[in-house]
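First residue of the sequence shown? That's 112 in this note's numbering, and the numbers climb one at a time after it. We put the CB at the ideal spot given by N, CA and C, even for glycine. Worksheet: the structure to be examined is printed underneath.
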Amino acid sequence: NARATFLPKLKKYNDKLILSVNISAIHLTKNSFVSDVESALIETGYPAENLEIEITESVFISSLESTAKTLDEIKAMGIKIALDDFGTGYGNLERMITSHFSFIKFDKTMTQQLSGSAQLRTVYATLSAMITTMNSEVVSEGVETQEQFDFVCSAGSRYIQGYYFSKPLPSSEFAAFLTDCTT
């Protein structure tokens, strides 16, 4: 049972629940974005250090110059910033990794092709090591099998997403799942 395997891993690797919110280029370039986020945190009482703002590689590449200040302000609030869908675009690798990101999220298409390619596993492990060395964390998306789980863990990914743990759940079932995971 994948869930039974996941519970000890959650306790081992993740001492707090991180809420990830996908942000579009429209949101990111909105003048009030930072103040809107700050207001939402105050209104809900949600801790900034448990919030992660995700932007896709393509949004980052297309709007880097206009959003760098916004990303710096968000990060200064203690909010984590994740680069989502890594590996699907053609951005400047060094610039992406050394920028504003707490997390680099390997796209599920990379993860799902790992078992069929020794060369891709080598690239994946090398990129994981490089990202970790540059003080970002690797998130492996699309993990669906024990083999993928074992490999991404061995490659240094401490954060893992995918159906291996659970398919999307209605909020009522998610509450029970979360309770099981944190007790």
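Does DSSP put residue i in a helix, in a strand, or in coil?
{"i": "A159", "result": "helix"}
{"i": "I137", "result": "helix"}
{"i": "Y201", "result": "Residue placement at Y201 cannot be trusted, given a pLDDT of 49 that sits under 50; what the coordinates show is reported in the next sentence. Here Y201 sits in coil by DSSP."}
{"i": "Y270", "result": "strand"}
{"i": "V249", "result": "strand"}
{"i": "K219", "result": "helix"}
{"i": "Y235", "result": "helix"}
{"i": "E149", "result": "helix"}
Which word fits residue i, buried or exposed, when buried means at least 16 other C-beta atoms lie within 10 angstroms of its C-beta?
{"i": "S247", "result": "buried"}
{"i": "G253", "result": "buried"}
{"i": "L128", "result": "exposed"}
{"i": "D183", "result": "exposed"}
{"i": "Q259", "result": "buried"}
What are the partner residues of residue i, as DSSP defines its beta bridges?
{"i": "D195", "result": "T167"}
{"i": "L130", "result": "L162"}
{"i": "F262", "result": "Partner(s): none; F262 has no beta bridge."}
{"i": "F214", "result": "A193 and E248"}
Taking the CB atoms as reference points, tell me whether residue i and residue j lie closer together than 8 Å.
{"i": "A159", "j": "I190", "result": "yes"}
Could you check how far apart the C-beta atoms of residue i and residue j are, in whole angstroms? I think they sit under 8 Å.
{"i": "L130", "j": "L162", "result": "6 Å"}
Under 8 Å between C-beta atoms, does residue i make it to chain D?
{"i": "L194", "result": "Here there is only one protein chain, and chain D is not present."}
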